[in-house]
Structures are given as C-alpha cells and as structure tokens.
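These protein sequence lines are chains A, B, C and D, in that order.
Numbering (full-length UniProt numbering) for the first sequence: 1 to 228.
Numbering (full-length UniProt numbering) for the second sequence: 1 to 228.
Numbering (full-length UniProt numbering) for the third sequence: 1 to 228.
Numbering (full-length UniProt numbering) for the fourth sequence: 1 to 228.
A short write-up of the structure that comes next.
Number of protein chains: 4
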Amino acid sequence: MPLSKFTCCPLAESQAKRERRKEARPGELLAAALDLFVEKGFAATRAEEVAARAGVSKGTLFLYFGSKEELFKAVVRENISGRFTEWEAELTTFTGTTSEMLAYAMRSWWERVGMTKASGITKLMMSEARNFPEIAEFYQQEVILPGHELIRRILQRGIERGEFRVLDLEHAVYSVIAPMIFMMMWKHSVGACAPASFEMHPELFINQQIELLLHGLTGAGQPVAPRA
Amino acid sequence: MPLSKFTCCPLAESQAKRERRKEARPGELLAAALDLFVEKGFAATRAEEVAARAGVSKGTLFLYFGSKEELFKAVVRENISGRFTEWEAELTTFTGTTSEMLAYAMRSWWERVGMTKASGITKLMMSEARNFPEIAEFYQQEVILPGHELIRRILQRGIERGEFRVLDLEHAVYSVIAPMIFMMMWKHSVGACAPASFEMHPELFINQQIELLLHGLTGAGQPVAPRA
Amino acid sequence: MPLSKFTCCPLAESQAKRERRKEARPGELLAAALDLFVEKGFAATRAEEVAARAGVSKGTLFLYFGSKEELFKAVVRENISGRFTEWEAELTTFTGTTSEMLAYAMRSWWERVGMTKASGITKLMMSEARNFPEIAEFYQQEVILPGHELIRRILQRGIERGEFRVLDLEHAVYSVIAPMIFMMMWKHSVGACAPASFEMHPELFINQQIELLLHGLTGAGQPVAPRA
Amino acid sequence: MPLSKFTCCPLAESQAKRERRKEARPGELLAAALDLFVEKGFAATRAEEVAARAGVSKGTLFLYFGSKEELFKAVVRENISGRFTEWEAELTTFTGTTSEMLAYAMRSWWERVGMTKASGITKLMMSEARNFPEIAEFYQQEVILPGHELIRRILQRGIERGEFRVLDLEHAVYSVIAPMIFMMMWKHSVGACAPASFEMHPELFINQQIELLLHGLTGAGQPVAPRA
DNA sequence: CATGAATGAGTGTTCATTCAT
DNA sequence: GATGAATGAACACTCATTCAT
C-alpha cells in the first residue's frame, strides 16, 4: 500500500481504528471473561473485573452482552467451535495403523485444545454445569457427543481391523477421554497453584499414556517413555 | 420403651434429643454444606440455604462456623479423612501379584471414596482451588501427596518384581489417577444433568479400565469386560 | 397491669417490643413510601430514601417487600380500603332531601379521604397509571367503579324524587367527582409549592361547590358562601 | 414544481430537506419529549427513547438541549403559549350575556387546549410540579395566574351585570376550572387505559357541565343535555 | 453538525454477618 | 444456646452525558 502514506484525510484511518476497536471489543471481552471465569468461577467473577481486564469500563461490557449470564453463555459458545468436522476428515483419510491413528488424535488434541485457552472451557463446564443446565446441554451436543463419536470410531476401526481386542466400546471411550479431561482440569486447578512436585509434562504424559493405553503396564517391549 | 413411663414430663426426652441434636449440629451443617458447595460452588451457595437444609436458623450456622469461608474449610477438612494409613497398611501386607494389588486398590477406592459423597470434595477442589489457595495446599498435603505416594509404591513394587515394565513413575501415577478423578468430576457435573446416553456404569468402567491399564488395547487374551 | 412492675423476666417485654416493631415495620414503610411516591413519583423515589424515612436500612425494606414495584402496589392496595360499603349503608338509610344527601356525601368524603393522606393515592394513580396498568385496573375496580356507583345512586334518587331535573347521569357523575379529584391533585401538586395567592380553603370551596352544583351560578336566593 | 428542472442533482433537494429537517429538529424533539413525558413521567422517560422517536441519535438530543432537565423545561415552556392575550381580546369585545361568554370560553378552551396535545402539559405539571419547583413557578405565572384572571373577569362581569349572584370569586374560579383540569388528567391517566365503561364524551360533558354550572342540578327548565 | 461508542455515577437488590431477644 | 430481624457492603445493571470520529 505505497499510496497510503499520502492519505489526505485521517478520517478513513481513525474511522477504521474505531471500527476495528468496536469489532474487536466483543472478542477482547470474551477473552477476558474466559480467563476470569476459568480462574474464579462464574459467581465469583465480577463484571467490572472482566471489563477492566478488557480495558473498558463496566458500562461497555453491558453494551455488548446484555447480562453476566449472557456473557457466560457467549464465552462457552465462542470457544466451542465445530472443529470436529475438520478433525473427522483428517481421520477418515488416515492410512496408518489404528494405534498410530489414536496416537495422532491424542497428540493433535493436545496441540489444538489441551494446551490452549480453550481447555479452560472444560474446567468451566465441569464446575458450572449444574448452574447452567441449558449451557451444559449445549456443551453436550456440541462437544461431548461429537468427541465421543470420534473416539468411538477410532476404537471401532481398531477392533474391526483386528488391531484392538473386543471391548465395551462405550466405556473404552471414557478410558481414552479420561486422561485428557484430567489434564485440563488439573492444569486449571491444582496445577495453577501447585508446588513443583506436582508439575506435569504434558507431552511426556501423553506419550506414555498412549503407550499404556495401547500395551498396558505389563506390556512387553521397550520401556515406556523414560524421562529425559 | 418401658423406661419412658418414668419420664414425667416430655421435657427430659426432648432435652435429650436436643442434646443429641446439639452435638450433631456441626455434622449436619457440614453435610448440608458439602452437598450445596458441590452442587453450586462456593460463591453461589447461600449460607441461609445451608442452614435451612440442616434444619437450623441462619444465626446458628455462624455460631458453629465463624464465616462462610471457615465453613468451606471445615467441609474440606472434615471430608479428608486420613484413610490412607489404614489403606497403606492393607497394601503393605498384601501378598498377591501387583496387578491384583492395583485392581484391589482401585476397586476399594471406588467403594470407599468414589461412590460416596466424599467424591464431591474432589469436584470442589478442582472448581475452587484457585479461590482457596491455602485449602488447596492443605488438600495437596493431605490427599494428593499421600495418594500419589500410595499409587507410586504399587507401581514401584510392580517394576521391582518385574511384573510391570520400567516407566516414568511420576506420569504413570497420573495415568492411574486420571480415570478416578475423571469419574468423580463427571458424576458431579455432566453426569448430574446428562441424558441417558451419557450414563456410565462405574463398576464396569473400573473393571475395564484396570484391564486396559494392565494389558492395553492391543493386549492379547480374552475380551475385556464385555458388556452384559 | 399493676403486676407488671414485678415482671421477673424482661424477656416478655422486650420480646413484645421486638414483635411490635416487626409488626409495625410494614406499616411504617408503607407510610413513608406513600409520602415519597406522592411527592416525587415512583421512578424518582429511591428505595433507600423510603427506608431511611421509615427509620430502617435499605436491606430491611426488601425484607418486607420483594421489590420497589411490589412496595408500590402494596402502597396503593393498602390505602384503598373498601370504605364504600360503610358509606353506602349510611346513604341507604339517609332520610333527608337528596340535596342534603349530596352535601353530606361530599363533606364526609372530604373528612374521610380528601383531607387525609389517602388523597395522595389519587395523585399517584393519575401520575403513574400508565406505568402500572395492572394497578390502574385494580384501582378502577376498587375505587372508581364503586365511587361512581355511589354518586350515580344519589343523583338517580334526586331525579326519581323530582328534586333534580333529568340529565345525562354518566356525565353528571363526572361533574360531581371532578371538583373532588381536582382538590386532591391540586393539594399534592401546585398546592404543595404554591404562593399564598393560590391557597385554597377546602371547606369553603366544598360548601360553595355544593351550592353551585345544586343551584348554579344564576341561582336566585342568598349569596353563596361569602368568604368570611 | 416547475423550478425543479434546474435541480441538476438531487443533492440540492435532499440538502433542502435536510435544512428543513435541521430547523425542524428541536420541534420534533420537543413533540416526542412531550408525548413521552406525559405518558411515563420525567424520570421514567429515557433520553434515548425521545431521540429515537424524533428520528435522531442520542447525541443529537444533547446538541439541542443541554440536559434532560432542560429538555423538560423547554417542553413545558414551548407548550405554554401566551394564547391568553388573544383570548382576552376575544372576551373583551364579547357582547352577549355572561352565560354565553362563559360557555364560549369553556368550549373554545376545549378546542384549543383540552382536546390537543397541550393538555398533556397539565398532566405533566400536576405529576412533576414538586420535582421542578422553578418550572412549576413559571407555569403558575404563565398559565394559572392568567387563566384564573380570565375566569375571574368573566365571573366578575356576571356579578356586576346582575346575571350571577354574589359569590366568593376565588373559589368560584376553581369551580369553573376543576372540570377542565379533571378532563385533562383523566384523559392522560385512567382514560388512557380504561375500559369502555369509563369512556367520556368531552363535548357532551362540557355542555352539560356548563348547564349545571349556570343553573345547577335543581335548576328548572328543560332537561340538561340529554344524551343523544 | 450528527453519530453512537464509551463512560461512570447512581440505583435496585442480594446476602454474609451481627446482635438483641 | 438458638433465633431471625436488621444491617450495609458489594455487585449487577441502567442511563444521562461526553467526545472522538
């Protein structure tokens, strides 16, 4: 844009800046709210604090979200993207073994969700589900259901191809999911105020968890992810 | 009740009942508080509601617990029994294989903690840890640390006796704990308002989880806990 | 109560005092609210001010009335007693001329309503009716309708007995009511902040109004209620 | 519009319209404000609503009126025309009987004020006088005082010419004014949300009211304004 | 001039906590 | 001890007013 330095009227620019701010506001507020809701819970988070963290005044918050509750719902909705379709596509075209597939799914989950702020949503839902049944319902439809479906299909593939032994699919899904839920909860609760002794190295843990999930504690073969 | 004919006035009886109630008060309050804190979180639980559920007046609550925060601490403290000593004793004298030992530990954990109200404490800590750092610290010392220690010793025994392969102990502990934490969280959040499709059969899940933990998905042998 | 000076326990007395206060609270609050609502309108009256005038804290107000709106409704309801039955009884047994009857009705209205605080309710309703349609409806049923009925019956009697000439009853009712409504409005608006020049002597006005209503401006006979 | 062919671009036209609108702005705002103030009272009327009804933005309102209070004052001031001079002139040159004169005054009042939006101002003053003493004072000087003066002069004329009997002038003025005030209040309060049973036919009422005022309920002669 | 995004003082309402009874 | 009436600090939310664009 070489011409832009000659811009005769600053109107465009400042207008743009204002517009940009206006469009950015909801996002900034949602980000601030996510942080605080995850950190302190819904009830203990003050609206003014959210506003302050987003760099605006209390009134502005209510300009964008009609109430604290609507803000909460927006936070959850915003962070529950339908990332599953993309994910399922990847797995549908996967050509390796199902063990590799499962490992891939767990590792990419960590990179795309577990290690990001989005993981806080899970903590939020676990903590507040009973106070927001409608939101919990929404979360189940949008996250839990497709998530389970995804894992179930992987396990099914493993069984059908003779890679995994026959097992109770429904509960096996929970076995795969449990360590992931656990990591998110841990990170946002004990992990946030724990002494060094409880530090967890997520990548190491995931690697070993995959190993254990596939071959078990008694599994033969090389030692499992020895700590560097 | 042949003695009752000597009770000239019902005063004595109700007096006695009152005494009993008086001594029971703190316990009833703690039980009510546990329920409500688990259900709605600390901030969203009203002191009056706790009192009402315990069958006393608002004022009485503050007679026994100086503040809502103290009540919370007492709830946590009260429900963190030093059951570990007893438990460790059991395991120290355990004579079977380590696989059996691990299975025993997980199953008895379910009976003694997982399926009881005490499981709510874990949900509470996960939800509120960051609002109550001192309590979280206390919880770590009293529950997490000994719990980890217990699991670690089992795993260590397995490795030393050549039953389990060598692995990163610290993270393996998390692999054992994760499904248990998961069950408690699930039960008190999604599980409390979930449709039938998300129902979980804890015993089945634990059985299969033990199997998976020991032999993995690819493990040979008979199918794992096929659903009845 | 000569024995009361020996009352061994002051419990009874203080209990009583507390009880009395508790029972008196709603009344005190309603009185304070009536004053302020009449003076400043519903919206411009602050809940805290009402409480302060009743000698209690803001919180106490909400102990007795769930919301400002409920307080408003209670104020109106409280001051709309079914005084009409008593009134109608009086008029049913009235034996004089209908002129005397009308005069009696207007004068006793002044003593029982017009000159009391209850007159403020009319101002309130006139000012706020459109903001509280349900209350306005209630007011119509409880006050306007029976009030009109009462006046209508008097006029009807006058016509039937040949004392009053035939006229459009419905509108004649308004002619009787108008000066009374007017007095209440005036008193609580202009009258409350008017210079001496607008002072009104209600008794004089009513007397002359009765005279005019009965005989008109052109009526023969002695001068009408010359000012003392 | 033969000149319009010289308007090469529609800009001029819309420019013109804009100019016109610009000059019309204050008037539109005052009209909108009058409606809303009358309907909901001063405190319960939101500035933004006034602006919206006038078709401008919130900011624009404050461009023309420094504050909501100033807007209110302007509304009152604007709607209190010095129509009295014109009126007094009419009455000064009146040649009929004083009864006719009074009837004319009341009927023309209805046409010029009572049935127009201006009647809302009276409701406003009655409702808000105590919150705006200065405005109330102004209203007294500009409306009440000259209004009373006008009525007083008519009555005085009637007495002096022997048409009306001697009476307490001050209070007789109120007797004339009361039904007019009443009509305006009624129309803007109960009348605005009343069931058909409380409907009032202003012309009928005024006619009969005049009759009653002149000859009273007991007046001989033909029946008073029998309902068509 | 007009706009509407932003502000923050103000108000209704809640609820932990106190204390007279 | 037990009660529950009373308190007032705290917080969600509103809205008149400002001002950058």
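By construction, the Cβ of each residue, glycine as well, lies at the ideal position given by its N, Cα and C atoms.
* Asked: Which value, in whole angstroms, describes the spacing of the CA atoms of R25(D) and A52(D)?
  -> Here the question's residue 25(D) lines up with position 25 in the fourth sequence. Here the question's residue 52(D) lines up with position 52 in the fourth sequence. Taking the straight line from one Cα to the other gives about 12 Å.
* **Secondary structure of L167(C), DSSP reduced to three states** => As a first step, residue 167(C) must be located in the third sequence, where it is residue number 167. The answer is strand: DSSP assigns L167(C) an E or B state.
* Among C193(C), V143(C), T116(C), which residue has its Cα nearest to the Cα of R83(C)? -> Reading the third sequence from its first residue, position 83 is the one you call residue 83(C). For R83(C), the nearest C-alpha among the options comes from V143(C).
* Kindly indicate which residue of S67(B), I151(B), G41(B), F65(B) has the alpha-carbon position closest to the one of E88(B). => In the second sequence, residue 88(B) corresponds to position 88, counting from 1. Checking every option, the nearest Cα to that of E88(B) belongs to I151(B).
* To do: Indicate whether the contact test is met: 3 or more Cβ pairs, each with one atom in the segment 199–218 of chain A and one in the segment 126–138 of chain A, closer than 8 Å.
  => no
* First and last residue of the uninterrupted alpha helix (DSSP H) at K117(A) -> By one-based count along the first sequence, residue 117(A) stands at place 117. Where K117(A) is concerned, there is no enclosing alpha helix (DSSP H), given that its DSSP letter is neither H nor E.
* To do: Flag R152(C) as yes if its beta-carbon sits less than 8 Å from any beta-carbon of chain D, otherwise no.
  => Within the third sequence, numbered from 1, the residue matching residue 152(C) stands at position 152. Closer than 8 Å: no.
* Is there at least one Cβ from chain D nearer than 8 Å to S119(C)'s Cβ? -> Residue 119(C) sits at position 119 when you count from the first residue of the third sequence. No, S119(C) lies away from the interface with chain D (no Cβ there is under 8 Å from its Cβ).
* Inter-stretch contact (C-beta, 8 Å, three-pair minimum) for the segment 24–42 of chain D and the segment 121–131 of chain D -> yes
* Presumed contact (8 Å Cβ cut-off) between G55(C) and E28(C), rounded CB distance -> Taking the third sequence and counting its residues from 1, the one referred to as residue 55(C) is at position 55. Taking the third sequence and counting its residues from 1, the one referred to as residue 28(C) is at position 28. Yes, they are in contact, since the Cβ atoms of G55(C) and E28(C) sit about 7 Å apart, within 8 Å.
* **Residue nearest to L217(D) in terms of C-alpha spacing, selected from C193(C), R161(C), L204(C), A194(C)** => Within the fourth sequence, the letter at position 217 stands for residue 217(D). When each option's Cα is compared against that of L217(D), the closest is R161(C).
* Asked: With distances taken between CB atoms, is the gap from I210(B) to Y139(B) smaller than 8 Å?
  -> By one-based count along the second sequence, residue 210(B) stands at place 210. By one-based count along the second sequence, residue 139(B) stands at place 139. Cβ atoms of I210(B) and Y139(B): not closer than 8 Å.
* Neighbour flag for E78(C) against chain D, beta carbons, 8 Å -> The count along the third sequence starts at 1 and reaches residue 78(C) at position 78. No, because no Cβ of chain D sits closer than 8 Å to the Cβ of E78(C).
* Could you name the residues of chain A that M200(B) contacts, counting a contact when the two beta carbons are closer than 9 Å? => Counting from one through the second sequence, the residue named residue 200(B) turns up at place 200. Ordered by position in chain A, the residues that pass the 9 Å Cβ test against M200(B) are E170, H171, Y174.
* **Proximity below 8 Å, CB of L155(B) to CB of V173(B)** => Position 155 of the second sequence, counted from the start, is the residue given in the question as residue 155(B). Position 173 of the second sequence, counted from the start, is the residue given in the question as residue 173(B). Cβ atoms of L155(B) and V173(B): closer than 8 Å.
* **Close-in-space but distant-in-sequence residues of the same chain around K73(D) (CB under 6 Å, 5 per side omitted)** => Counting from one through the fourth sequence, the residue named residue 73(D) turns up at place 73. Answer for K73(D): I135, listed in chain order.
* Asked: Among residues of its own chain, excluding the 5 on either side of I121(B), which ones have a beta-carbon nearer than 7 Å to its beta-carbon?
  -> Residue numbering aside, residue 121(B) sits at position 121 when the second sequence is read from its first letter. Correct list, in chain order: V76, N79, I80.
* Looking at the structure shown, is G147(C) part of a helix, part of a strand, or coil, going by DSSP? -> Taking the first residue of the third sequence as position 1, residue 147(C) is located at position 147. Of the three classes helix, strand and coil, the one that applies to G147(C) here is helix, per DSSP.
* **Exposure of P195(B), with buried meaning 16 or more beta-carbon neighbours within 10 Å** => One-based indexing of the second sequence puts residue 195(B) at position 195. That one is exposed.
* To do: Below 8 Å CB to CB, which residues in the same chain sit around C193(C) once its five sequence neighbours on both sides are set aside?
  => Position 193 of the third sequence, counted from the first residue, corresponds to residue 193(C). Excluding residues within five positions, none has a Cβ falling inside 8 Å.
* Which stretch, first to last residue, makes up the alpha helix (DSSP H) that contains Q209(B)? -> Sequence index remark: in the second sequence, residue 209(B) carries index 209 (1-based). Note, Q209(B): alpha helix (DSSP H), 202–215.
* Can you name the start and end residues of the alpha helix (DSSP H) that E78(A) belongs to? -> Residue mapping note: residue 78(A) aligns to position 78 of the first sequence, counting from 1. Note, E78(A): alpha helix (DSSP H), 68–79.
* Buried or exposed for S4(B), please, with buried defined as at least 16 other CB atoms from any protein chain shown within 10 angstroms of its CB. => As a first step, residue 4(B) must be located in the second sequence, where it is residue number 4. For S4(B), the predicted model reports a pLDDT of 46, less than 50, meaning its position is unreliable; a value from the coordinates is still stated below. With fewer than 16 Cβ atoms within 10 Å of its Cβ, S4(B) is classed as exposed.
* Asked: Quick one: is R165(D) buried, meaning 16 or more other Cβ sit within 10 Å of its Cβ, or exposed?
  -> Within the fourth sequence, numbered from 1, the residue matching residue 165(D) stands at position 165. That one is buried.
* Could you list which residues in chain B have their beta carbon closer than 9 Å to that of I181(A), in chain order? => Here the question's residue 181(A) lines up with position 181 in the first sequence. Within chain B, the residues near I181(A) are A178, I181, F182, M185, W186.
* Mind listing which residues of the segment 124–142 of chain C have their C-beta closer than 9 Å to chain D's C-betas, in chain order? -> M125, M126, S127, E128, A129, R130, N131, P133, A136, E137, Y139, Q140
* Mind listing the chain C neighbours of E39(D)? Cutoff is C-beta to C-beta under 9 Å, in chain order. => Position 39 of the fourth sequence, counting from 1, holds the residue named residue 39(D). Simply R130, N131.
* Is M185(D) closer than 8 Å to K123(D) when the C-beta atoms are compared? -> Stepping through the fourth sequence from its first residue, residue 123(D) is reached at position 123. Stepping through the fourth sequence from its first residue, residue 185(D) is reached at position 185. Going by C-beta atoms, K123(D) is nearer than 8 Å to M185(D).
* **Between the CA atoms of A31(D) and M115(D) - distance to the nearest angstrom** => The residue given as residue 115(D) occupies position 115 in the fourth sequence. The residue given as residue 31(D) occupies position 31 in the fourth sequence. Approximately 16 Å, taken between the alpha carbons.
* To do: Could you tell me whether the Cβ of E149(A) comes closer than 8 Å to any Cβ of chain B?
  => Residue 149(A) sits at position 149 when you count from the first residue of the first sequence. E149(A) does not count as touching chain B.
* Of all the CB atoms in chain C, is at least one closer than 8 Å to the CB of S99(D)? -> For the purposes of this step, residue 99(D) is taken as residue 99 along the fourth sequence, with counting starting at 1. It does: the Cβ of S99(D) has a partner Cβ on chain C nearer than 8 Å.
* Asked: With 16 as the cutoff for other CB atoms within 10 Å, does G59(B) come out buried or exposed?
  -> The sequence position of residue 59(B) within the second sequence is 59, counting from 1. G59(B) comes out exposed.
* Asked: Terminal residues of the continuous alpha helix (DSSP H) containing E134(A)?
  -> The count along the first sequence starts at 1 and reaches residue 134(A) at position 134. That run of the alpha helix (DSSP H) goes 133–139.
* **Any C-beta of chain A under 8 Å from that of Q156(B)** => Here residue 156(B) refers to the residue found at position 156 when the second sequence is read from its first residue. Output row for Q156(B): interface = no.
* Looking at chain C, which residues of the segment 210–221 of chain D have a Cβ within less than 7 Å of any of its Cβ atoms? -> L212, L213, L214, H215, G216, L217, T218, G219
* For my contact list, L36(A) and T45(A) are in at a C-beta cut-off of 8 Å; report their separation, rounded to the angstrom. => Stepping through the first sequence from its first residue, residue 36(A) is reached at position 36. Stepping through the first sequence from its first residue, residue 45(A) is reached at position 45. The Cβ separation is near 4 Å, so the contact holds.
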